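As C-alpha cells, the structure follows; a few thoughts come after it.
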Amino acid sequence: MFGRLGFGLRVAVASIALVAAMPLHQAYIGPAGAQSAPLPNVADLADRLLPAVVEISVESKAASSGAPELPQLPEDSPFRDFFDDFFKRRQGEEGEPRTVSSMGSGFIIDASGVIVTNNHVIEGAEAIEVRLHDGTILKAELKGRDPKTDLAVLTVKPKSPLPTVSFGDSDGLRIGEWVMAIGNPFGLGGSVSLGIVSARNRDINAGPYDDFIQTDAAINKGNSGGPLFNMAGDVVGINTAIFSPTGGSVGIGFSVPANTAKSVVDQLQKYGETRRGWLGVKVQSMTDELAESLGLPRPKGALVADVTEGSPGKAAGLEAGDVIIEFNGKPINDMRELPRAVAETEIGKEVVVKALRKGKEMEFKVAIGRLEDGEKILAQQDAGKSAPATVTLLGMTVSSITDELRAKFKTDEKIKGAIVTEVAEEGSARDKEVEAGDVILEAGGKQVVGAADISAALDEAEKAKKPSVLLLIAKAGKAGETRFVPLKIKR
Numbered sequence: 509m510f511g512r513l514g515f516g517l518r519v520a521v522a523s524i525a526l527v528a529a530m531p532l533h534q535a536y537i538g539p540a541g542a543q544s545a546p547l548p549n550v551a552d553l554a555d556r557l558l559p560a561v562v563e564i565s566v567e568s569k570a571a572s573s574g575a576p577e578l579p580q581l582p583e584d585s586p587f588r589d590f591f592d593d594f595f596k597r598r599q600g601e602e603g604e605p606r607t608v609s610s611m612g613s614g615f616i617i618d619a620s621g622v623i624v625t626n627n628h629v630i631e632g633a634e635a636i637e638v639r640l641h642d643g644t645i646l647k648a649e650l651k652g653r654d655p656k657t658d659l660a661v662l663t664v665k666p667k668s669p670l671p672t673v674s675f676g677d678s679d680g681l682r683i684g685e686w687v688m689a690i691g692n693p694f695g696l697g698g699s700v701s702l703g704i705v706s707a708r709n710r711d712i713n714a715g716p717y718d719d720f721i722q723t724d725a726a727i728n729k730g731n732s733g734g735p736l737f738n739m740a741g742d743v744v745g746i747n748t749a750i751f752s753p754t755g756g757s758v759g760i761g762f763s764v765p766a767n768t769a770k771s772v773v774d775q776l777q778k779y780g781e782t783r784r785g786w787l788g789v790k791v792q793s794m795t796d797e798l799a800e801s802l803g804l805p806r807p808k809g810a811l812v813a814d815v816t817e818g819s820p821g822k823a824a825g826l827e828a829g830d831v832i833i834e835f836n837g838k839p840i841n842d843m844r845e846l847p848r849a850v851a852e853t854e855i856g857k858e859v860v861v862k863a864l865r866k867g868k869e870m871e872f873k874v875a876i877g878r879l880e881d882g883e884k885i886l887a888q889q890d891a892g893k894s895a896p897a898t899v900t901l902l903g904m905t906v907s908s909i910t911d912e913l914r915a916k917f918k919t920d921e922k923i924k925g926a927i928v929t930e931v932a933e934e935g936s937a938r939d940k941e942v943e944a945g946d947v948i949l950e951a952g953g954k955q956v957v958g959a960a961d962i963s964a965a966l967d968e969a970e971k972a973k974k975p976s977v978l979l980l981i982a983k984a985g986k987a988g989e990t991r992f993v994p995l996k997i998k999r
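Spelled out as C-alpha cells, the structure:
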C-alpha cells in the first residue's frame, strides 16, 4: 500500500505510546570482536539545516458528501436543534463544500522566498501558509506544479533573507549511505530522523518518471515535500510516499531524486510550468520472449510499440518494432530510462537515436519536440475494411472488424486490424492476458487488415520454425494503448 504523505487535520487523532529509548552505543561490536564504524552524530548538521525546512498549511474545499450524515431524529426531540446546527456546520449550509485543512513540509532554496514541496501537498489549495522554523507565518503563492513528478514551487515574501539549502548529486548516492529526513510529521513541527539509502531506482507506479530513492529514515504523514539530506547537508531527495499497511512509517519511504527535481524546479521557477522533451513513441519493456521473437541475443533497450503521427519520432523514421538502444549518446538498457532521458532533453535539439530494426543497428536524427504540445496531438489511423472472416488459432478466435463488432466491443472508430472475439480457457492467448475486444494491429511484423492476415503470419512463423509469433495489440481496441505480445506456437 503506497501512500502520499500529506497530513489531513480532520482525521481522528491516534493514540501515541511513549516508550523509553534504550541507550544508543556509538559502535556495534560484531562477531569475534570486530568493531564497525561509529554511528554518525548529526546534531550539528540538524542545527544547520532545520531553519531551512518549513511547515506548510493548506486550506481547501471538500465536498460535503464525505461528512457524517444527519441522524434521523423525531420532530419533537429535544436534541434535534442541537444536531441540526452541529451537522450543518460540518457539512456546509445547504450542501456547500466545507473547508478542510491539511499539512505538509517544504524547504527553502532561495533566500528571497522560493520553497519546494510536493504537488499533492498543495493540490486544490485555496489558501497556503508557510510556518518558518522561528515561528513566523507567511502567506504563500503557487509558482508552478508538476503532477508527473509530484513537485511544486511556492513563493513567500519575507522581511529579511531566509536560510537556504541546496540540491546535491543524487546519482552519487550509494545503497547503505546515511541520510537524514526533516519534516512536519503529523503536524508536530520540525522533526529529524536518520536512516540509510535502502535502494535506488524504485518504480512504484506513481508516474511516468518513477526513479525513487528508498530509505528507512522514518517519514510519516506530514513529511510530504520535506527534504532528504546526505551527510554533507545537500538535498538528495524530496520525501513523497511511503509503503505502509498501517498508515505510519514501517521503514519503507520513497523520495524523488534531486537530479530529477533540479530541472523540474528550475522550469517551474522560470516558466511556472514544465517544458519537457518529446519523441513521440510509446515503448514497452523487453522480455526474454520478445528478444527471442525479434532475433536478439538478450533483452535490452526499449521496444517501440507505437509511433505517434506528426511526432518527431515519426518524422525521423522510427517504426513500431524498433528497439531503441541509445538516445543522445546515452545507452538505453531498460525501457524506463528512455522517457526520463527524452524529458530532460532541450526542446528543439537534434539528437541521434540508435535502434535495432530486424537485428540491424540504425541511426535516426530527431529534432526533439515539446511533450506538452505532443500531449495535445491525437493520432488515429484511417479505418480499413476487408471482407469479414473468422479464424481460431493460438487459443483465441479472431474476426475481421465489422460495424457490429466495433459497436459491441466499443472499438475506436478509426482503428483497423482484426478483433479478438473469444479467448479459450487454455492457450497462448490466455497465458499472455489477451482478452475479447483486443485488436491485433500487426502480426509477424506485418500490418493486419483482417483475420486472414494473422493466419498467414502464423503459417509463415511455423515454416521458419520460430517458437512464437509477435503480435502488436491495441488493448480493448484503444489506439492509445498498444503493446507487443509474443504468442508461443505449440507443435
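Heads up: the sequence shown begins at 509 in this note's numbering, then just goes up one per residue. From the three backbone atoms N, C-alpha and C, an ideal C-beta is built for every residue, glycine too. Since the model is a prediction, treat every value here as computed from it, not as a measurement.
Through-space distance from residue j to residue i, alpha-carbon basis
i       : j      : result
Leu736  : Leu702 : 10 Å
Val956  : Gly925 : 5 Å
Trp686  : Lys790 : 38 Å
Ile750  : Val561 : 20 Å
Gly691  : Asp642 : 15 Å
Ile746  : Gly733 : 6 Å
Asp774  : Gly825 : 33 Å
Lys918  : Ser936 : 25 Å
Ser674  : Ala828 : 42 Å
Leu901  : Arg783 : 46 Å
Val624  : Leu659 : 7 Å
Asp842  : Val942 : 24 Å
Lys983  : Glu930 : 14 Å
Pro576  : Lys729 : Legend: pLDDT at Pro576 = 46, less than 50; position of this residue unreliable, value from coordinates given subsequently. Taking the straight line joining both Cα atoms gives about 23 Å.
Asp961  : Glu933 : 24 Å
Leu1063 : Leu798 : Because the chain is modelled from 509 through 999, residue 1063 falls outside the range shown and cannot be assessed.
Ser752  : Lys822 : 43 Å
Lys998  : Val743 : 55 Å
Selected residue, minimal CA-CA separation from residue i, among the options
i      : options                        : result
Ile876 : Glu970, Val629, Gly745, Asn836 : Asn836
Met739 : Gly759, Val993, Asn549, Glu871 : Asn549
Phe694 : Phe720, Val638, Ser613, Ser678 : Ser613
Arg878 : Glu871, Leu811, Gly856, Thr672 : Gly856
Arg639 : Pro975, Leu659, Ile564         : Ile564
Thr795 : Lys569, Leu547, Val993         : Val993
Ala863 : Ala969, Ala810, Ala633, Leu966 : Ala810
Ile927 : Thr625, Lys940, Val947         : Val947
Lys770 : Asp939, Glu852, Arg806         : Glu852
Arg653 : Val772, Glu930, Arg991, Pro753 : Val772
Gly680 : Glu970, Gly759, Ala766, Lys884 : Ala766
Gly755 : Asp742, Ala726, Val764         : Ala726
Ser610 : Asn626, Asp618, Ala619         : Asn626
Val812 : Glu800, Pro847, Gln792         : Gln792
Terminal residues of the beta strand (DSSP E) in which residue i lies
i      : result
Asp814 : 810–815
Ser976 : 976–982
Gly882 : That residue, Gly882, is in no beta strand (DSSP E); its alpha helix (DSSP H) goes 879–882.
Asn747 : 743–751
Ser763 : 761–765
Ser819 : It is not in any beta strand (DSSP E) - Ser819 carries neither H nor E in the DSSP assignment.
Glu869 : 868–875
Ala987 : Premise fails: Ala987 is in no beta strand (DSSP E) and is neither H nor E.
Leu787 : Counting along the chain, Leu787 falls outside any beta strand (DSSP E), and DSSP gives it neither H nor E.
Own chain, CB closer than 8 Å to residue i, minus 5 neighbours either side, in chain order
i       : result
Val622  : Ile616, Lys651, Val661, Leu662, Thr663, Gln777
Val700  : Val550, Ala554, Leu558, Met688, Ala689, Ile690
Gly1000 : Limits of the chain in this structure are 509 at one end and 999 at the other, which puts residue 1000 out of reach.
Gln534  : Below a pLDDT of 50, predicted positions are generally treated as unreliable, and Gln534, at 39, falls in that range; no measurement from the model is reported.
Gly803  : Lys866, Gly867
Arg710  : Asp718, Asp719, Phe720, Ile721, Gln722, Phe762
Glu854  : Gly785, Ile876
Residue i, enclosing alpha helix (DSSP H) - first and last residue
i      : result
Leu668 : At residue 668 the sequence reads Ser, which differs from the Leu that was named. No alpha helix (DSSP H) holds Ser668; DSSP gives it neither H nor E.
Val700 : Premise fails: Val700 lies in the beta strand (DSSP E), 699–710, not in any alpha helix (DSSP H).
Arg556 : 551–557
Ile630 : 627–630
Leu798 : 796–801
Residues near residue i in its chain [Cβ-Cβ closer than 6 Å; skip 5 each side]
i      : result
Gly988 : none
Leu646 : Val638, Val664
Gly632 : Ser568
Val899 : Val906, Ala959, Ser963
Ala849 : Phe835, Lys838
Own chain, CB closer than 7 Å to residue i, minus 5 neighbours either side, in chain order
i      : result
Ala965 : Ala951, Gly952, Lys954, Val977
Leu995 : Leu902, Ser936, Ala937, Lys940, Ser976, Val977, Leu979
Pro666 : Gly621, Leu646
Which residue spans inside the stretch 822–864 form an unbroken alpha helix (DSSP H) run of at least 4? You should have 845–851.
**Message:** Going residue by residue through the stretch 904–932, where are the continuous alpha helix (DSSP H) segments of at least 4 residues, counting only ones entirely within it?
**Reply:** 911–916
If you scan the stretch 933–965 from start to end, which runs of the beta strand (DSSP E) of 3 or more residues do you find wholly inside it?
-> 947–951
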